[in-house]
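Residue numbers (this note's numbering): 4 to 36. For every residue, glycine included, the Cβ atom is placed at its ideal position computed from N, Cα and C. This structure is a prediction, so every number in the text was calculated from the model and none was measured. The block underneath contains the structure these notes are about, expressed in structure tokens.
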């Protein structure tokens, strides 16, 4: 059960990192304009 929670948390954390990266690129795009 603990392993399942850890795996789920890692998946959520990865999605969160991707979201931050997307906002980072979006911010650079706005800054360029």
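Check, Outcome
"Rounded straight-line distance, which links the Cα of residue 22 to that of residue 16", "10 Å"
"Neighbourhood of residue 32 by C-beta distance below 7 Å, restricted to the same chain and skipping five residues each side", "none"
"CA-to-CA distance, residue 35 to residue 13, given in whole angstroms", "33 Å"
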